[in-house]
Amino acid sequence: MADIDVVIIGTGTAGQTAAYDLIAEGYDVMIVEKTALPGGVCAQFGCQAKKWFYELTETVARCQHLQGIGITSGPSFNWADVLQAKNTFTSAVPKNTVANLEGNGIDYIEAEAVFADPDTVMINDTVYRPRFTIIAAGAKPMPLPIPGNENLITSTDFLNLKRLPRRVAFVGGGFITFEFAHFAARLGASPEDVHIIEVMDRPLGPFDKDLVEQLVAATRAEGIQVHVGNTVRSIEKHSSGFVVSLESGKKIETDLVVHGAGRVADIDSLNLMAAGITTSRQGILVDQQMKTSNAKVYAVGDCAATVQLARVADYEAHIAAAAIIAQDNNKAPPSVDYRAVPALLFTYPQLGTVGKTEDVLIREGVKYWKSFDRQISWPTYKRIGMKYAAYKILTDDQGKILGAHILSDNAAGMINTFKQAMLDDKSVEDIYQDNVMSPYPSRESDVIYMLDSLRD
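For the working numbering, count along the sequence shown from 1 and bump the result up by 309.
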């Protein structure tokens, strides 16, 4: 039996963040990874990896939109080149991850971790009784009960394609689907043969419905086929590709079928029941300090029933580590605060959000004020040929931001302005005055126009 201060399960961004916080405070830390590729999904198969394709996608889209405004032909591009550049980055992640962990005095073990009881973790047949355990096991593609689901490829597979085929169908209408559909349509696939299949009446449920409507319009304007309210009945392999049959009776012939229907916590192998840890369909249930129903165990990142975003995972890891340190020093622990969590969809245009949507405010019975425009005629968008841009800003009766939602190029920068305003408890008038002196003309200088109707 081995004793240790903290065992961390998972080497993604959340696991590493917690490990570095704790080792810096003198804790004895072991981090465990069940795969041969330490470093997590974000860096190797997710947010960092996909940005290599997004940067090229955005450049191609900008050139297409500028035709007639100075650009006379579309850019040439090579899928294999961007794949090689991406792989050069991602292939170094495992080695660098282990080197950095061990270089900071953190014990790294490649093994499966399994709870034997509430106090015991089995690792490589060795019994460990850590004072604390942090689960940062991440997420995996959600199982889909569709006949022929063995024909689906994952987002990881998509980002490793040697060649992009002409026809691609995406099952599900979430983050991965919309981003990758935009990649495919602009980087070599035939846009009219790129399909998004969503079972609900509208895709992208967490985002504002009016701005989603505009993004869907922009997506369709590029030729991408968006099918809503449609269930996939089967996926059949044929000699010339695949046939995706929909409940509506429509059959889609395609070369590739991509799983984009969401992810679930990757916790099945941990034997959480033996540890007395409560879970839900969304993941491991945690309190405001990221503590599970087992007082010695914390859960952070995509395996927790919170928000599946990389920066949220880091934030939760900081909170969990700080809570452990506070407990050992008889101090009050910090609590998580999700009121201003920004999210961004890397389509073109980008769709950004922070705070609550209008639907949520209506459901909660909250009184609110709104500034909304989806037919923007500002020079900002005319000079780049962007026909689909929109914003919706929601405030309370004191002028404080309840939610901000923006469809634009560089939506990230503008959403960050509203995120910071929410964290700083600033009013519309405060934000207006802060941004009057923004570099002009720029996307950020447009923020004041979004606030005009809310200043009365």
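For each residue, glycine too, the CB sits at the ideal point set by N, CA and C.
None of the values given here were measured: they were computed from a predicted structure.
Rounded to whole angstroms, what's the CA-CA distance from residue i to residue j? Just pull it up for me.
{"i": "Val508", "j": "Ile455", "result": "13 Å"}
{"i": "Asn744", "j": "Thr726", "result": "9 Å"}
{"i": "Val402", "j": "Pro450", "result": "21 Å"}
{"i": "Ala493", "j": "Leu473", "result": "7 Å"}
{"i": "Glu556", "j": "Val663", "result": "35 Å"}
{"i": "Pro452", "j": "Arg572", "result": "8 Å"}
{"i": "Asn433", "j": "Ser385", "result": "51 Å"}
{"i": "Tyr758", "j": "Trp678", "result": "16 Å"}
{"i": "Ala614", "j": "Thr601", "result": "10 Å"}
{"i": "Thr399", "j": "Asp390", "result": "14 Å"}
{"i": "Phe441", "j": "Gln597", "result": "17 Å"}
{"i": "Val480", "j": "Phe489", "result": "12 Å"}
{"i": "Ile415", "j": "Glu334", "result": "12 Å"}
{"i": "Phe551", "j": "Leu565", "result": "7 Å"}
{"i": "Gly585", "j": "Cys351", "result": "29 Å"}
{"i": "Lys359", "j": "Asp668", "result": "30 Å"}
{"i": "Asn409", "j": "Gly483", "result": "34 Å"}
{"i": "Arg475", "j": "Ala730", "result": "44 Å"}
{"i": "Val477", "j": "Thr397", "result": "26 Å"}
{"i": "Pro515", "j": "Val595", "result": "21 Å"}
{"i": "Tyr741", "j": "Gly558", "result": "52 Å"}
{"i": "Val567", "j": "Phe467", "result": "7 Å"}
{"i": "Ala641", "j": "Arg542", "result": "53 Å"}
{"i": "Arg764", "j": "Asp755", "result": "15 Å"}
{"i": "Thr528", "j": "Ile378", "result": "21 Å"}
{"i": "Ser747", "j": "Asp739", "result": "14 Å"}
{"i": "Tyr697", "j": "Pro658", "result": "8 Å"}
{"i": "His374", "j": "Ser382", "result": "11 Å"}
{"i": "Ile710", "j": "Thr689", "result": "24 Å"}
{"i": "Thr563", "j": "Ala498", "result": "11 Å"}
Taking C-beta to C-beta, are residue i and residue j nearer than 7 Å?
{"i": "Ile313", "j": "Tyr417", "result": "no"}
{"i": "Gly661", "j": "Leu670", "result": "no"}
{"i": "Gly592", "j": "Gly447", "result": "no"}
{"i": "Ser736", "j": "Gly712", "result": "no"}
{"i": "Lys701", "j": "Asp517", "result": "yes"}
{"i": "Ile561", "j": "Asn460", "result": "no"}
{"i": "Ala619", "j": "Cys356", "result": "yes"}
{"i": "Ala570", "j": "Met599", "result": "no"}
{"i": "Glu673", "j": "Gly722", "result": "no"}
{"i": "Val282", "j": "Ala328", "result": "Lying before the first or after the last residue shown, residue 282 is absent from the chain, which here runs from 310 to 765."}
{"i": "Ile332", "j": "Val341", "result": "no"}
{"i": "Ile380", "j": "Cys612", "result": "no"}
{"i": "Thr366", "j": "His491", "result": "yes"}
{"i": "Arg683", "j": "Gln523", "result": "yes"}
{"i": "Val407", "j": "Pro347", "result": "yes"}
{"i": "Trp388", "j": "Leu496", "result": "yes"}
{"i": "Val430", "j": "Val606", "result": "no"}
{"i": "Asp510", "j": "Val537", "result": "yes"}
{"i": "Leu513", "j": "Ala699", "result": "no"}
{"i": "Ser751", "j": "Ser680", "result": "no"}
Please list the terminal residues of the continuous beta strand (DSSP E) segment that includes residue i.
{"i": "Glu667", "result": "No beta strand (DSSP E) contains Glu667, which is instead part of the alpha helix (DSSP H) from Glu667 to Glu673."}
{"i": "Ser680", "result": "Trp678 to Asp682"}
{"i": "Gly447", "result": "Careful: Gly447 lies outside any beta strand (DSSP E) and carries neither H nor E."}
{"i": "Val663", "result": "Gln659 to Gly664"}
{"i": "Lys562", "result": "Correcting the residue type first, residue 562 is Glu in the shown sequence and not Lys. Per DSSP, Glu562 belongs to the beta strand (DSSP E) from Lys560 to Thr563."}
{"i": "Thr435", "result": "Thr435 to Tyr437"}
With which residues is residue i paired in a DSSP beta bridge?
{"i": "Glu411", "result": "Note: Glu411 sits in no beta bridge, so no partner."}
{"i": "Asp426", "result": "Thr429"}
{"i": "Gln534", "result": "His504"}
{"i": "Asp416", "result": "Met339"}
{"i": "Ser549", "result": "Ser549 is not bridged to any residue."}
{"i": "Thr442", "result": "Val316 and Val606"}
{"i": "His568", "result": "Val480"}
{"i": "His714", "result": "Thr662 and Lys701"}
{"i": "Val541", "result": "Leu555"}
{"i": "Val573", "result": "Lys449"}
Output the boundary residues of the alpha helix (DSSP H) element that contains residue i.
{"i": "Met723", "result": "Ala720 to Leu732"}
{"i": "Ala649", "result": "From DSSP, Ala649 is part of no alpha helix (DSSP H); its letter is neither H nor E."}
{"i": "Arg371", "result": "Cys356 to His374"}
{"i": "Ile332", "result": "Thr322 to Ala333"}
{"i": "Ser400", "result": "Looking at the DSSP string, Ser400 is not in any alpha helix (DSSP H), and its letter there is neither H nor E."}
{"i": "Ile757", "result": "Val756 to Leu760"}
{"i": "Tyr624", "result": "Ala619 to Asp637"}
{"i": "Lys691", "result": "Pro688 to Lys691"}
{"i": "Thr291", "result": "Given that the chain is displayed from residue 310 to residue 765, the structure contains no residue 291 and the question cannot be resolved."}
{"i": "Asn744", "result": "Val737 to Asn744"}
Say whether chain B places a C-beta atom closer than 7 Å to the C-beta of residue i.
{"i": "Ala608", "result": "Protein chain content of the structure displayed is limited to a single chain, and chain B is not contained in it."}
**Request:** Say whether the region 712 to 724 touches the region 632 to 649, bearing in mind that this needs 3 or more beta-carbon pairs closer than 8 Å, one atom from each stretch.
**Result:** no
**Prompt:** So, do the region 491 to 505 and the region 527 to 545 have three or more beta carbon pairs nearer to each other than 8 Å?
**Reply:** yes
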